[in-house]
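Engineer: This is the structure I want to talk about, given as structure tokens.
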Amino acid sequence: FKTTFRDQGVLIFFILVPILYPLLYGFIYTNEVVREIPALAVDHSHTSLSREYLRKVDATADVKIVAYCSNLEEAKQKLREREAYGIIYIPSEFSDNITKGIQSKVSLYCDMSGLLYYKGLLMANTAVSLDMNKNIKVARAGNTTQRQDEITAYPIEYRDVAMFNPTNGFAAFLIPAVLVLLIQQTLLLGIGLAAGTAREHNRFRDLVPINKHYNGTLRIVLGKGLSYFMVYTFMSTYVLFVVPRLFSLNQIGHADDLIPFILPYLAACIFFAMTASIAIRNRETCMLIFVFTSVPLLFISGVSWPGAAVPAFWKYFSYLFPSTFGINGFIRINNMGATLSDVAFEYKALWIQAGVYFLTTCWVYRWQIITSRKHVIEKYKELKAKRTTVL
Numbered sequence: 002f003k004t005t006f007r008d009q010g011v012l013i014f015f016i017l018v019p020i021l022y023p024l025l026y027g028f029i030y031t032n033e034v035v036r037e038i039p040a041l042a043v044d045h046s047h048t049s050l051s052r053e054y055l056r057k058v059d060a061t062a063d064v065k066i067v068a069y070c071s072n073l074e075e076a077k078q079k080l081r082e083r084e085a086y087g088i089i090y091i092p093s094e095f096s097d098n099i100t101k102g103i104q105s106k107v108s109l110y111c112d113m114s115g116l117l118y119y120k121g122l123l124m125a126n127t128a129v130s131l132d133m134n135k136n137i138k139v140a141r142a143g144n145t146t147q148r149q150d151e152i153t154a155y156p157i158e159y160r161d162v163a164m165f166n167p168t169n170g171f172a173a174f175l176i177p178a179v180l181v182l183l184i185q186q187t188l189l190l191g192i193g194l195a196a197g198t199a200r201e202h203n204r205f206r207d208l209v210p211i212n213k214h215y216n217g218t219l220r221i222v223l224g225k226g227l228s229y230f231m232v233y234t235f236m237s238t239y240v241l242f243v244v245p246r247l248f249s250l251n252q253i254g255h256a257d258d259l260i261p262f263i264l265p266y267l268a269a270c271i272f273f274a275m276t277a278s279i280a281i282r283n284r285e286t287c288m289l290i291f292v293f294t295s296v297p298l299l300f301i302s303g304v305s306w307p308g309a310a311v312p313a314f315w316k317y318f319s320y321l322f323p324s325t326f327g328i329n330g331f332i333r334i335n336n337m338g339a340t341l342s343d344v345a346f347e348y349k350a351l352w353i354q355a356g357v358y359f360l361t362t363c364w365v366y367r368w369q370i371i372t373s374r375k376h377v378i379e380k381y382k383e384l385k386a387k388r389t390t391v392l
């Protein structure tokens with residue numbers, strides 16, 4: 002505890018980052034979806050039907066037509082200048098084809114550098130085209146009753162139900178995974194920073210100093226691990242329970258399932274970070290090694306990128322990190338209402354990781370204790386030899 006709370010850098014990663022970073026993410030994505038996406042219209046039909054189409058697209062919550070261009074080249078230039086993120090192109094034969102009973106097309110050009118823009122534009126145009134198709138079919142059917150019109154418009158009645166993400170929002174999809182990953186990454190950075198500080202303060206650049214308090218491998222590992230666990234018990238409660246409630250994110254899991262799942266995840270992250278800290282030679286090294294791994298770990302976890310599309314090598318490589326099992330298990334329990342038995346694979350994997358990384362941590366610290374003693378003995382012999390030479 003003394004080492005943790007005396008080092009300002011460790012305090013930043015253990016306390017400040019877990020408190021502020023989730024709030025920053027939550028406020029950035031608080032709107033959940035993108036609304037009023039600027040779009041350009043190129044209408045070569047100039048008919049009442051084409052104007053109706055554009056008017057209905059503009060009336061949707063997702064799209065706002067900011068300008069009407071005379072041709073595609075003018076619209077493309079505005080797109081390059083970022084005045085809009087999509088172009089709706091209606092060809093000259095649009096209305097004529099519909100009148101003749103021939104299928105007509107509307108082209109949509111999108112700036113694919115932002116997939117949320119593409120999603121909003123595509124959904125708005127799809128909804129409008131389906132609505133106009135319905136009206137055209139009903140008008141041509143020659144039905145005599147309203148019920149016949151309903152059957153003509155919707156031969157098969159369906160309902161679109163968004164499971165586990167009712168708002169179809171980006172925050173509800175991404176933030177839970179980021180929160181779980183945040184625990185692992187801040188532990189890596191905080192413990193790595195503490196390890197770098199310990200080496201800098203050691204004359205032999207060893208991880209474990211020669212001190213009466215640093216006797217016994219289990220004593221060191223369990224003492225450090227317990228202190229980190231106690232700090233992160235409170236931080237995990239805030240990050241995984243309080244933050245989602247602050248931003249009204251989906252939470253349908255039960256505490257009886259979540260708490261037992263989080264315990265092995267914390268243990269696995271702590272011992273994984275303690276094992277990885279052997280690679281840290283100074284305070285700055287942990288920033289160079291660990292920070293850049295956040296985005297790749299999020300991708301290979303199978304949440305932000307479909308797990309079925311992750312190559313086999315990277316899928317098995319991801320099993321080295323507690324975040325992979327932690328993210329998938331937490332989302333299934335918290336967002337999808339799964340029980341602990343439903344995530345048995347992830348739960349068992351976390352306990353296995355906790356056990357394996359505990360053993361590797363013990364080996365690392367035992368090796369460091371032996372190395373530190375060797376350095377002291379060598380230094381003692383060197384000083385003794387110098388004293389003998391002088392005498």
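Count along the sequence shown from 1, add 1, and you get the number used in the working numbering. The beta-carbon is built from N, C-alpha and C at its ideal position, and this holds for glycine as well. As the structure is a prediction and not an experimental result, all values here were calculated from the model.
#1: Between the stretch 80 to 98 and the stretch 144 to 162, do at least 3 Cβ pairs fall closer than 8 Å?
#2: Classify V377 as helix, strand or coil using the three-state DSSP reduction.
#3: What number of angstroms, rounded off, separates the C-alpha of A140 from the C-alpha of A85?
#4: How far does the alpha helix (DSSP H) with D150 in it reach, from first residue to last?
#5: Which residues share a DSSP beta bridge with P39?
#6: Give me the DSSP bridge partner(s) of S108.
#7: Label M231 either buried or exposed according to how many other C-beta atoms from any shown protein chain fall within 10 Å of its C-beta, with 16 as the threshold for buried.
#8: Between which two residues does the alpha helix (DSSP H) containing S319 stretch?
#9: Taking all protein chains shown into account, decide if V243 is buried (16 or more other Cβ within 10 angstroms of its Cβ) or exposed.
#10: Rounded to a whole number of angstroms, what is the C-alpha to C-alpha distance between Y69 and A163?
#11: Distance, Cα to Cα, D63 vs Y110?
#12: When you compare each of S237, Y358, Y320 to L17 by their alpha carbons, which one comes out closest?
#13: Kindly identify the DSSP beta-bridge partner or partners of C70.
#14: Inspect the beta-carbon positions of W240 and P39 and report whether they are closer than 8 Å.
#15: Going by DSSP in three states, P19 sits in which element: helix, strand or coil?
#16: L175 and C287 look like a contact to me (Cβ under 8 Å); what is the Cβ gap, rounded to whole Å?
#17: Just to check my reading of the structure: A128 and K138 have Cβ atoms closer than 8 Å, yes? What is that Cβ distance to the nearest angstrom?
#18: Expressed to the nearest angstrom, what Euclidean distance is found between the alpha-carbon atoms of A268 and A277?
#19: Please report the distance separating the alpha-carbon of A274 from that of V222.
#20: I want to know whether the stretch 50 to 64 touches the stretch 24 to 31 - three or more CB-CB distances under 8 Å.
#21: Are the CB atoms of P156 and I332 nearer to each other than 8 Å?
Structural biologist: The relevant details are as follows:
#1: Here the stretch 80 to 98 does not lie against the stretch 144 to 162, with fewer than 3 beta-carbon pairs under 8 Å apart.
#2: helix
#3: So the two alpha carbons sit approximately 35 Å from each other.
#4: Unbroken alpha helix (DSSP H) run through D150: 147 to 154.
#5: K65
#6: Y90
#7: It counts as exposed.
#8: 313 to 319
#9: If you draw a 10 Å sphere on the C-beta of V243, you find fewer than 16 other C-beta atoms in it, and that means exposed.
#10: Y69 and A163 have their C-alpha atoms spaced approximately 34 Å apart.
#11: About 16 Å.
#12: S237
#13: V43
#14: Looking at the sequence provided, one finds Val at residue 240 rather than Trp. No, Cβ-Cβ distance for V240 and P39 is not below 8 Å.
#15: Of the three classes helix, strand and coil, the one that applies to P19 here is helix, per DSSP.
#16: The Cβ separation is near 25 Å, so there is no contact.
#17: Not confirmed; about 16 Å, so no contact.
#18: Roughly 14 Å separates the two Cα atoms.
#19: Rounded to whole angstroms, A274 to V222 spans 12 Å at the Cα level.
#20: no
#21: The answer is no: Cβ separation not under 8 Å.
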